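S.K.:
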Amino acid sequence: MEPERDEVVDLLDRILEKGVVLNTDLIITLADVPLIGIDLRLALAGIDRMLDYGLFEDWEAAHKAGKKASRNELTDAEL
78 MEPERDEVVD LLDRILEKGV VLNTDLIITL ADVPLIGIDL RLALAGIDRM
128 LDYGLFEDWE AAHKAGKKAS RNELTDAEL
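Each residue of the sequence shown is one higher than the one before, counting from 78 in our numbering.
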C-alpha cells in the first residue's frame, strides 16, 4: 500500500511547522572494545521554527546584514 501524495505532503508540512528532534548515541564495538562513538543531534524544522527555538541566530544576523549591505550598494549605485 503506497502512501497517497496528500498524506506525504501533510506529514512534511507538519514536520516543518512543528519540528522533529533526534538525539542518539551510537557506539561501534568489535570484540567488546569500543572503536567509534558518535553523538548525533538532528533537528529538522522550517527556518521560522528554528529561529523560534534560538537556532541559527548567527545565520539570521549575517543574513540580515547581507541584505542591508545589498540595499546600501543599490542606493549608492543609483546616486
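Where is the CB? At the ideal position from N, CA and C, for every residue including glycine.
Please read these numbers as outputs of a predicted model, since none were measured by experiment.
Give the list of continuous alpha helix (DSSP H) stretches no shorter than 4 residues that lie fully inside the region 112-148.
M.R.: Within the region 112-148, the complete alpha helix (DSSP H) runs of at least 4 residues are 124-129.
S.K.: Compute the distance between the beta-carbons of residue 96 and residue 121, then report whether it is under 8 Å.
M.R.: In contact: residue 96 and residue 121 (Cβ atoms closer than 8 Å).
S.K.: Going by the DSSP bridge assignment, what does residue 38 pair with across the sheet?
M.R.: Not covered by the structure: residue 38. The range shown for the chain is 78 to 156.
S.K.: Tell me which residues share the same chain as residue 101 and place their Cβ nearer than 6 Å to its Cβ, disregarding the 5 neighbours each side in the sequence.
M.R.: Contacts found: 117.
S.K.: Nearest-angstrom Cα distance between residue 141 and residue 130?
M.R.: Approximately 18 Å between the Cα atoms of the pair.
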